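Data first, discussion second: the structure below is written as structure tokens.
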Amino acid sequence: MAKKPLNIGMVGYGFMGRTHSNAFSQVGHFFNVPFRPVLKATCARNADRAKAFAEQWGYESIETDWRKLVERKDIDVIDIASPNDTHFEIAIAAAKAGKMVMCEKPLGRSATESRQMVEAVEKAKVPNMVWYNYRRVPAVTLAKQLIDEGKLGKIFHYRAKFLQDWTISKDLPQGGQGLWRLDASVAGSGVTGDLLAHCIDTAMWLNGGITKVSGMTETFIKERHHNITGKTEPVRIDDASLFLARFANGSLASFEATRYARGHKALYTFEINGENASIFWDLHDLHRLQYFDHRDEGRTRGWRSVHITDGDHPYMDKWWVPGLQIGYEHTFIHQVADFLGAVGGGKPAAPTFREALATDLVTDAVLKSAKTGQWESAN
Ligand code: SOE
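Taking my numbering, the leading residue of the sequence shown gets 4, the next gets one more, and so forth.
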């Protein structure tokens, strides 16, 4: 039977516009989902860029004003893959227009924005989801299964970091395409909202809520040329952000994100230590889960490096044959598959806007704590 089409209206054409478009295009080839995503329209302020993107990815039409896209009767889902300062207005308008809303992370530039976005989608009762894609790495999903099955026992420690090095040069400008992440008025914050948000989303999914935090941030380069104003402007984002945290389950945590770790491009790692077992995962080796189980026979006990490519690993029965790994782009395909499945089943599609608000409450608390020098409540 032909599947019901689900018409996608995409806002944004950058890195995330590509990962999402690829996911919508691929999902039906591999997953038995209840809808057939149709790349109906893409939207960008610049018509030439919108046209080029539409041609490359197979969108049927373009818009240059997101308001027009949101008003269109032939659009079912508004997908927001544009810079952070656009999320708030578009998501609220889309919810009011009765559209399903998918939004890139972080949800808002602050929890104040995110809270209103949550209210809008919940009031409109529209399906909503935030693209925290790392939950959908099969190895990370397996970690979730192992924790939920109680394999680790009581959890004592959670340790995460996300290290990059692409902003070390003082000659790198701020603002504009690709570099809006350095402009606080667009991004909201620096690595706290961009990178720590991923670590926090994964952490709370795996280990429950975070109650309080003590943070420290630094902006190493204080002024940069601004591509939009043409002037040298103060840099107001955090270049590095570290925090200690307590989880509701009593475990202690440390988190670190920076764009100043020379040699690291996107080193996202986490380690969880429980009374029976420990888990370690590394984005640069994303198809492996390191697992240590103290209950193993002593003489051969040790860290196992499990290659997450077998049919009984999460999502992997949908891909190739055992031993053949998948990559970064697949996490977005999994996210669409889960979204479509949830919508088809009338269930919330995780992480919902409400779950993403919880992450923004933690990032806000980290930034606040960095200013006050005090422990701050994170919920
Ligand atoms: C920043 O460089 C960035 O692209 C983030 O914005 C993404 O969310 C992260 O997954 C990779 O790094």
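Using N, Cα and C, we set each Cβ at its ideal position, and we do this for glycine too. Here the structure is a predicted model, which means the values were calculated and not measured.
Check                                                                                                             : Outcome
Local conformation of ARG307 per DSSP, three classes                                                              : strand
Rounded straight-line distance, which links the Cα of GLN377 to that of ASN35                                     : 50 Å
ALA269: CB within 6 Å of a non-hydrogen atom of the ligand SOE                                                    : yes
Helix, strand or coil at MET13 [DSSP, three-state]                                                                : strand
In DSSP terms, what LYS54 is bridged to                                                                           : For LYS54, which the question treats as bridged, DSSP gives no partner whatsoever.
For HIS23 and ASP79, believed in contact at Cβ under 8 Å, the rounded distance                                    : Contact doesn't hold; Cβ gap of about 15 Å is too wide.
C-beta contact flag for ASP242 and TYR263 at 7 Å                                                                  : yes
Segments of 3+ residues assigned as beta strand (DSSP E) that fall wholly inside the region 267-296               : 270-277, 280-285, 291-296
Status (buried if at least 16 other CB within 10 Å, exposed otherwise) for ASP367                                 : buried
Three-way DSSP call (helix, strand, coil) for VAL433 in this model                                                : The structure shown does not extend to residue 433, since the chain is modelled only from 4 through 382, so no value can be given for it.
Through-space distance from TRP69 to GLN121, alpha-carbon basis                                                   : The displayed chain sequence assigns Val, not Gln, to residue 121. Approximately 20 Å, taken between the alpha carbons.
Own chain residues within Cβ distance below 6 Å of THR235, not counting five before or after                      : GLU226, HIS228
Beta-carbon proximity check, GLY12 vs LEU72, cutoff 7 Å                                                           : yes
Neighbour-count burial assignment, LEU155, 16 or more Cβ in a 10 Å radius                                         : buried
Any chain B beta carbon closer than 7 Å to GLY233                                                                 : Given the protein chain composition of this structure (a single chain), no chain B is represented.
Minimum C-alpha distance to SER281 - residue among HIS267, HIS290, ASP299                                         : ASP299
Start-to-end residues for the beta strand (DSSP E) that takes in PHE258                                           : 255-261
GLN167 (DSSP reduced to helix, strand or coil)                                                                    : coil
Burial state of THR220, where buried means 16 or more other Cβ atoms lie within 10 Å                              : buried
First through last residue of the alpha helix (DSSP H) which encompasses LEU89                                    : Checking the displayed sequence, the identity of residue 89 turns out to be Thr instead of Leu. Its alpha helix (DSSP H) spans residues 87-99.
Nearest neighbour of SER217, chosen from ARG138, VAL365, MET4 [CA to CA]                                          : VAL365
Selection from ALA359, ALA97, LYS102, TRP322 that minimises the alpha carbon distance to ASP313                   : TRP322
Contact under 7 Å by Cβ, TRP284 with ALA142                                                                       : yes
N- and C-terminal bounds of the alpha helix (DSSP H) containing PHE33                                             : 18-33
Length of the line joining the Cα atoms of PHE159 and TYR62                                                       : 48 Å
Rounded C-alpha distance that separates PRO351 from LYS268                                                        : 33 Å
Buried or exposed (CB count within 10 angstroms, at least 16 for buried), ASP197                                  : buried
Residues near ILE329 in its chain [Cβ-Cβ closer than 6 Å; skip 5 each side]                                       : TRP322
Straight-line gap, SER113 to LYS164 (C-alpha atoms, nearest Å)                                                    : 21 Å
Check: ASP197 C-beta below 6 Å from any heavy atom of the ligand SOE                                              : yes
8 Å CB neighbourhood of GLU251 in its chain, flanking five on each side removed                                   : According to the sequence provided, residue 251 is Ala. The question's Glu does not apply to it. These residues qualify, in order along the chain: GLY211, GLY212, ILE213, THR214.
Where the alpha helix (DSSP H) through LEU145 begins and ends                                                     : 141-151
Cα-Cα separation, GLU116 to GLY179                                                                                : 22 Å
Same chain only: Cβ atoms within 7 Å of VAL129, ignoring 5 sequence neighbours per side                           : ALA98, GLY101, LYS102, MET103, VAL104
Beta-carbon proximity check, LYS157 vs VAL133, cutoff 7 Å                                                         : no
Close-in-space but distant-in-sequence residues of the same chain around ALA84 (CB under 6 Å, 5 per side omitted) : GLY15, MET19, GLY20, HIS23, GLU107
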